[in-house]
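Read through the structure below, which is laid out as structure tokens, and then see the notes.
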Amino acid sequence: AGRHGPLPAGRLLRDAKHAFEDSEDLINLSEVLMNLGSLYREQGRLDQALVVIKHSIRIIEKLGNLRRQSAGYTDLARIHLQMANFDEADEAAQQALADAVKADDRRHRALALATLGRVAVARNERGKAIRYLRESARQLKSLGLKDAWAEVSRDLGLLLKGRTPEAEAAQYLTQAINPEALLRGAAAVPARAPARRSR
């Protein structure tokens, strides 16, 4: 923790915090912190990302905004996942899911499920990972969130590729490659796999 010495960003954030608190503009402050946390995460400065995101979550909890809280905990889970802190990642993602359910927010729920799925993949909990990713893909598809859905479908496809019927793996891989099928409302089943229809 002694590395934080010459960190002007930290001082600026503290000043911003006081300014925002004075004007009761905590929403903007939490947004600034979330963005800074994402930046640190992308730069691989995970310790700093963790500090900033936790700070943001504390502010959001005071505001009682469950949607933002869910987003914050999802970010926290992603950071822990990158740090290979799998228990903490799972705990944060479970909290993100609980907040999204309470807020009745399907988008945040789907994103929390995707994160839980990725944590399960990292822990080699294959069955659990498939359940979470399948449910997330289903919800993202119905919400029309094409990019997130394609990502989750890709993750799921790669996971299924090994020990499940080829048709199912091919279906999810095709969805990831061809997300336009989502917008057409098609089943996104490969032409070579009509067997799925015979159910």
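Residue numbering for the sequence shown is 1218 to 1416, as defined by our numbering. Beta carbons are placed, not taken as given, at the ideal position from N, Cα and C, and that holds for glycine.
Let me know if residue i comes out buried or exposed under the rule of 16 or more other beta-carbons within 10 Å of its beta-carbon.
| i | result |
| --- | --- |
| glutamine 1260 | exposed |
| alanine 1301 | exposed |
| aspartate 1232 | exposed |
| arginine 1275 | exposed |
| aspartate 1292 | buried |
| glycine 1229 | A small correction: the amino acid at residue 1229 is leucine; glycine does not occupy that position in the sequence shown. Result: exposed. |
| threonine 1381 | Bear in mind that a pLDDT of 48 at threonine 1381, under 50, signals an unreliable position, so the number given afterwards is only what the model happens to contain. Classification of threonine 1381: exposed, given that the 10 Å Cβ count is below 16. |
| alanine 1405 | With a pLDDT of 40 at alanine 1405, under the threshold of 50, the predicted position of this residue should be treated as unreliable, though the coordinate-derived value follows. Classification for alanine 1405: buried. |
| glycine 1254 | buried |
Counting only the same chain and skipping the five closest in sequence on each side, list residues whose C-beta sits under 7 angstroms from that of residue i.
| i | result |
| --- | --- |
| leucine 1360 | Arg1323, Arg1324, Ala1327 |
| leucine 1267 | Ile1296 |
| alanine 1354 | Trp1366, Val1369, Ser1370, Leu1373 |
| leucine 1357 | Ala1327, Ala1365, Trp1366, Val1369 |
For the candidate residues the options, whose alpha-carbon lies nearest to that of residue i?
| i | options | result |
| --- | --- | --- |
| arginine 1343 | Lys1319, Tyr1290, Leu1375 | Leu1375 |
| threonine 1332 | Leu1377, Leu1263, Gln1265, Leu1373 | Leu1373 |
| alanine 1339 | Arg1275, His1297, Ala1365 | His1297 |
| arginine 1285 | Asp1321, Gly1334, Val1369 | Asp1321 |
| alanine 1288 | Lys1358, Ser1273, Lys1279 | Ser1273 |
| lysine 1345 | Leu1357, Leu1330, Gln1356 | Leu1330 |
| glycine 1334 | Val1369, Asp1304, Ala1365 | Val1369 |
| aspartate 1304 | Leu1362, Ala1354, Glu1278, Ala1337 | Ala1337 |
| asparagine 1252 | Ile1270, Lys1358, Tyr1290 | Ile1270 |
| glutamine 1299 | Ser1353, Arg1262, Glu1278 | Arg1262 |
Here's a check: name, in chain order, each residue in its chain whose Cβ is nearer than 8 angstroms to the Cβ of residue i, leaving out the five neighbours to either side.
| i | result |
| --- | --- |
| leucine 1283 | Asp1316, Ala1317, Lys1319, Ala1320, Asp1322 |
| leucine 1280 | Leu1243, Ile1244, Ser1247 |
| leucine 1250 | Leu1230, Val1269, Ile1270, His1272, Ser1273, Ile1276 |
| leucine 1362 | Arg1324, Ala1327 |
Whose C-beta lies closer than 6 angstroms to the C-beta of residue i among residues of the same chain, with five residues either side of it excluded?
| i | result |
| --- | --- |
| glutamine 1265 | Tyr1257 |
Counting only C-beta atoms, is residue i closer than 9 angstroms to chain D at any point?
| i | result |
| --- | --- |
| asparagine 1245 | Absence of chain D from the displayed structure is noted, only one protein chain being present. |
Subject >> the stretch 1302-1309 contacting the stretch 1347-1355, beta-carbon criterion three pairs below 8 angstroms >> reply: Using a Cβ-Cβ distance cut-off of 8 angstroms, the stretch 1302-1309 and the stretch 1347-1355 are not in contact, since fewer than three pairs of beta carbons, one from each stretch, lie closer than that value.
Subject >> beta strand (DSSP E) runs contained entirely in the stretch 1301-1354, provided each spans 3 or more residues >> reply: Taking only runs of at least 3 residues, no beta strand (DSSP E) segment lies wholly in the stretch 1301-1354.
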